[in-house]
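Asks:
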Amino acid sequence: MLDFYTNPMSRGQTVRWMLEEVGADYQERLMNWGPSMKGTDYKKINPMGKVPAIVHEGRVVTECAAICAYLADAFPDAKLAPPPAARHDYYRWLFFAAGPLEQAVTAKSFGWTPTKEQSGVAGFGTYDLVVETMEGLLLSRAYVCGDAFTAADVYFGAQVLWGTRFGSLPSLHAFTDYAERLKGRPAYQKAKARDDALIAEGQAST
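Residue numbers for the sequence shown follow UniProt numbering, so the first one is 1 and each next one is one higher.
1. Going along the chain, which unbroken runs of the alpha helix (DSSP H) with 4 or more residues stay wholly within the region 94-159?
2. Grouping DSSP H, G and I as helix and E and B as strand, with all else coil, what is V15?
3. Check this for me: beta carbons of Y127 and A142, under 8 Å apart or not?
4. Could you round the C-beta distance between A69 and L94 to whole angstroms and report it? I think they count as a contact, below 8 Å.
5. CB-CB under 6 Å to D19, same chain, minus the five flanking residues each way: which ones, in chain order?
6. Can you list, in chain order, the residues of its chain with a C-beta nearer than 6 Å to that of P8? Leave out the 5 residues immediately preceding and following it.
7. Let's see if you can read the secondary structure: which residues bound the alpha helix (DSSP H) around R29?
8. Could you give the residue range of the alpha helix (DSSP H) that holds I45?
Written as structure tokens, this is what we have:
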């Protein structure tokens with residue numbers, strides 16, 4: 001049994017996409033932004049009081065990048081993790097997206113641009129450096145690890161899809177072309193349809 005704790009207007013969309021990619025059977029546990037997510041019961045699963053989270057056969061996993069990596073290993077038939085000896089790019093770009101990319105986009109949204117001195121100690125350096133690094137990667141290959149789609153593309157790709165849609169990343173050709181490849185995946189389409197339907201239901205009830 002796999003329990004999936006989420007809210008459709010959250011990073012839970014990324015994990016739902018990953019769950020569909022691996023073909024996992026899961027129980028959807030919808031959480032609201034108030035009592036259920038911040039309540040005592042859920043905080044036993046994630047003390048941060050945030051979604052998404054999964055509980056798989058009694059094992060709790062939080063943080064989107066960690067969940068994607070975990071699911072790729074837990075469901076090896078989906079072949080979404082490279083062989084262990086070939087995981088250098090897989091780990092590199094998965095955690096680049098979870099670290100420098102997330103930090104750079106958050107800093108920009110908060111209106112903080114590091115000074116030259118600050119950029120030397122900030123993990124992401126500067127927003128422009130992060131964007132240039134991503135563009136260089138996606139101009140050189142179809143997916144994060146080369147020609148094959150992996151779990152790293154779910155997390156890295158979710159950042160690109162979100163960023164180019166809402167303006168937190170520029171709509172460079174390398175980004176939009178990559179986004180279109182991801183949008184064509186049946187698992188992405190199925191997951192997106194479910195979350196869009198949940199969002200519509202929530203809006204209709206308010």
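By construction, the Cβ of each residue, glycine as well, lies at the ideal position given by its N, Cα and C atoms. Since the model is a prediction, treat every value here as computed from it, not as a measurement.
Replies: Taking the definition as stated:
1. Runs of the alpha helix (DSSP H) lying entirely within the region 94-159, each at least 4 residues long, are 102-109, 116-119, 127-140 in chain order.
2. Here DSSP, grouped into helix, strand and coil, assigns V15 to helix.
3. Not closer than 8 Å, so no.
4. Distance from A69 to L94 at the Cβ level is roughly 6 Å; contact confirmed, criterion being Cβ atoms closer than 8 Å.
5. Checking the displayed sequence, the identity of residue 19 turns out to be Leu instead of Asp. Cβ within range, chain order: Y26.
6. Close CB contacts of P8 within its chain, under the 6 Å cut and outside five residues either way in sequence, are with D195, L198, I199 (chain order).
7. Segment 27-30 is the beta strand (DSSP E) holding R29; no alpha helix (DSSP H) there.
8. Where I45 is concerned, there is no enclosing alpha helix (DSSP H), given that its DSSP letter is neither H nor E.
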